[in-house]
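Inspection log for the structure reproduced underneath, given as structure tokens.
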Ligand SMILES: Nc1ncnc2c1ncn2[C@@H]1O[C@H](COP(=O)(O)OP(=O)(O)O)[C@@H](O)[C@H]1O
Ligand SMILES: [Mg+2]
């Protein structure tokens, strides 16, 4: 019998409507879901729309140039950005540079990272367990830290401040080595190698070695097995890594800023930064839109590839056998290679930064050249800052700013993430879940610098009841929350998916209402996920540069923007010291997160 | 204690043409021990969750006592936290972050009972269930059986009028299961509550329930006492689902002439013409020395001893029959034997698979056959631990 047929004819007309209302009303899940959609609509969707519309609406002050009134539709900015005398400098060459950097970074990091991933997951390389952790360290540190180290090593006389190490030792590095595309590619490659190691190594670890062994029994050579069996199965992981690297390079700002600026080498993100600095809002919108479009495209490709890959990749579960390949006579060279990568990508940069804060002149190994002045000195006349960085009140103000701004946003993001997870998994009203999931994932498609531009565009002026937020802490917190939502909500959703309905329903039958269940059942059970959902955003917030560099003003400065400002003033040692502080905070935070949640880093992938 | 009334209850998960339960009518009496029995996926859990209020009906109605708690057409819905019932989940659903004591206390704390009373009630119920010693442990530190008791205790402590249990014994090993069965019966007597129990295990249902509702594909096939269900299955599904080894189902379309001939004599033409299939329980077949009319020849195919009894597979004409004997029969595979069938225990089903009542026909034809002197006495039937007791036996 169908539902229709079983309908009671004496039923009142409003019966079903009342019933629906009661079902929805018995639990606030749907209402909370709607509120969350509204909140994220305001925090995520509106800024992006506002930004994109800036590209085709006449901006204040451009009336004469465009020959139209403020707020009218115009193609002026698009035309100017794409097909005008300045577009080569402003748009096309940054675009080409971005693509050139992205593709080379992908190529090199896949080759090196893939090799290392294989070495640490499937071979008997020396110090394998140590390598597996140590090679990941660059992943915890912001990429522009390495740029700064490079800068310290190779900079030549075209910029001020402390001299470069190489130059101090008597050689003058040419510009192509000191600045521009090559160093940017090297730095970004080193930074993304861990990412490939994690993705590729995990995929390899899950690959059942019986697949290889059955091919070997059939007489296939190792090379044949690698190219016909292992590689095709690894392809999804590799393409996924490529696409994610591409998306990240698009939004990468700090490295290009530090290494590109001295020689006017621009990528999309630095070009965007410059146009924002010079208050060309319409042009900035075109650039930000381009970055977003490329980001969205690349992630679409990734989603498509993942879906395709799911059709044939059935990687083994826990039971799969993991055979270790004995490297034989290659064991020494392979181990050496892995350790060299570690030394080059972690030890050298950090040591450079650290030592340069201890030396008057870099690269001179004389006792008299060493000093603690840059950390704790007082009444210094020889350097630009009057006292060591640790004695500068400004630093502590900035540390405090960082901790509380990032801390509050991470806390809110983590809680909202769990709430989003709850609603996505439990909402009885169809549509709320998927919409919420999509909205909170959206910032992932939008590189931080474009997102910051979007916030600037929306909140720079008062809108309706909301006053102008530019220059306040609030805009930073809101932008950070929105920017971190993809990770927080993903953590929340996956935690809620694993929980199952039973524990909560048991409480419900026992008589516990919604809030009661949330506080006494869900939150305590999901403590671990909640901590992760707060700590991961916290770490990446501390590292983050691109949001802050656009939205911070001197009174809301944080560690990263402070470091960049010190660089701009050529206070090299002070900048290095600040960067080291950030590195220490980031690594400590990551380790704490791992300890607390007993997870490993691989789960925080995607940052 | 409350009654539970489901009328034309229908529930689908998004697809109206594939309902999980379909037009279900069920009345569960006050203090009854009702068992929902059926294969996996037949809608037992759904029914239970509907009663609990964790799902809502798509159509029909649900009343607890005479109070409408879920009537879509009239806009009635009472949320589960107000239905005052207890539910034991198949997974137990203990709260992993709370100790055993905290788990058990939870409901009473919600009711804001005084501390002393909470402690007293909690300890009493934990004592009853033998988990007081583990009060400070966490669920992950308990065995399956202990977790099960905690789940029970957690529900019993608030003494709800209705107890719902979803396959509570299915995760236990065989011995614990037997032990918990008796415990459940004791609990039912002690608490006097209406108990609805879901299982896919027919022996569990037979042993525990006062009445059983057999479900299949979202539809109730039969509601009755264990004896009813075993002896007078309402349709082919019930006949074939209940009983192990399974009932022998002989399709008359494929039956050979001998078999049909005998049936005509026995049941009369009217019944046989309606009948599409005949169900014979394995214990209603017996080897006989008699070669008289009504017995059938069969070839022994195999014999499987199963401890107390043994199961023989026989080829009789063009169908295979299973027969149980009380102990090793000593039958040699490949040999030919004569078998007799207890005719009053036959189950006849029509083309739609529904049971045909043959009681009246047996009055006439049974006596005819008795006069010819070929019946065997019920006393000579092998004694089984089944609820079945033959009242009248006739050979075929
Ligand atoms: N939440 C759900 N969503 C969709 N279909 C469901 C859901 N729960 C149960 N079903 C379907 O309803 C039918 C009955 O399920 P269930 O009541 O769990 O069966 P049982 O407990 O008897 O094994 C099954 O076909 C199942 O697939
Ligand atoms: Mg079930």
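Residue numbers (this note's numbering), protein chains in the order written: chain A, 104 to 710; chain B, 750 to 1145. In this text, a Cβ means the ideal position worked out from N, Cα and C, and glycines have one as well.
- Boundaries of the alpha helix (DSSP H) harbouring residue 132/A: 132-143, taken from the DSSP string.
- The stretch 654-670 of chain A and the stretch 493-505 of chain A touch, with three or more beta-carbon pairs separated by less than 8 Å.
- Proximity of chain A to residue 805/B at the Cβ level (cut-off 7 Å) is accounted for by 126, in chain order.
- Check the Cα spacing between residue 1080/B and each of 777/B, 1068/B, 1028/B and 1051/B: the tightest is with 1051/B.
- A residue is called buried when at least 16 other Cβ atoms come within 10 angstroms of its Cβ; residue 473/A does not meet this threshold and is exposed.
- The Cβ of residue 608/A sits closer than 8 Å to at least one Cβ of chain B.
- For residue 1083/B, same chain residues with a beta-carbon under 6 Å away, outside a window of 5 residues either side, do not exist.
- For residue 1068/B, the secondary structure class from DSSP, reduced to helix, strand or coil, is strand.
- In the three-state reduction of the DSSP assignment, residue 972/B falls in the strand class, which pools E and B.
- Secondary structure note for residue 455/A: its alpha helix (DSSP H) is the uninterrupted segment 451-459.
- Checking the DSSP bridge columns, you'll see residue 791/B has no partner listed.
- Restricting attention to 631/A, 580/A, 615/A and 588/A, the CA atom closest to the CA of residue 601/A is found in 631/A.
- For residue 292/A, the secondary structure class from DSSP, reduced to helix, strand or coil, is helix.
- For ligand 1, residues qualifying as neighbours are 762/B, 769/B, 787/B, 789/B, 790/B, 791/B, 792/B, 793/B, 794/B and 795/B, where qualification means a beta carbon closer than 6 Å to at least one of its heavy atoms (chain order).
- Take residue 682/A, set aside five residues on each side of it, and the residues of its chain with a beta-carbon closer than 7 Å to its own are 248, 251, 456 and 666, in chain order.
- With a contact defined as Cβ atoms closer than 8 Å, residue 985/B and residue 1098/B qualify at about 5 Å.
- If you check the C-beta of residue 608/A against ligand 2, you find no heavy atom less than 7 Å away.
- Uninterrupted alpha helix (DSSP H) stretches at least 4 residues long and entirely within the stretch 999-1049 of chain B occur at 1006-1016 and 1018-1023, given in chain order.
- Relative to ligand 2, the beta carbon of residue 915/B is positioned inside 7 Å of a heavy atom.
- In this structure, ligand 2 has no non-hydrogen atom nearer than 7 Å to the beta-carbon of residue 971/B.
- For residue 869/B, there is no enclosing beta strand (DSSP E); the enclosing alpha helix (DSSP H) has its first and last residue at 864-877.
- Under the 8 Å criterion on CB atoms, residue 118/A is classed as interfacial with respect to chain B.
- Take residue 584/A, set aside five residues on each side of it, and the residues of its chain with a beta-carbon closer than 6 Å to its own are 512, 515 and 516, in chain order.
- Between residue 213/A and the set 313/A, 253/A, 131/A and 304/A, the nearest pair of CA atoms involves 304/A.
- By the criterion of a C-beta distance shorter than 6 Å, residue 428/A is surrounded in its chain by 225 and 226, once the five residues flanking it on both sides are discounted.
- Short of 7 Å from the beta carbon of residue 915/B, and not among the five residues preceding or following it, lie these beta carbons of its own chain, in chain order: 794, 797, 837, 838, 839 and 947.
- Secondary-structure assignment with DSSP links residue 915/B through a beta bridge to 947/B.
- Within the stretch 614-627 of chain A, those residues whose Cβ lies closer than 7 Å to any Cβ of chain B are, in chain order, 614, 615, 616, 624 and 627.
- In terms of Cβ geometry, residue 302/A and residue 353/A do not form a close pair [threshold 8 Å].
- Pairing residue 918/B with residue 944/B, the inter-Cα distance amounts to about 15 Å.
- Not a single CB atom of chain B sits nearer than 8 Å to the CB of residue 532/A.
- In summary, residue 805/B is buried, with 16 or more beta-carbon neighbours lying within 10 Å of its beta-carbon over all protein chains present.
- Close to residue 829/B, with beta-carbon spacing below 8 Å, are these residues of chain A in chain order: 608, 611 and 612.
- The three-state reading of DSSP puts residue 760/B in strand, counting E and B together.
- Spanning the alpha carbons of residue 990/B and residue 980/B requires a straight line of approximately 13 Å.
- Nearest CB-CB separation between residue 860/B and chain A: below the 8 Å threshold.
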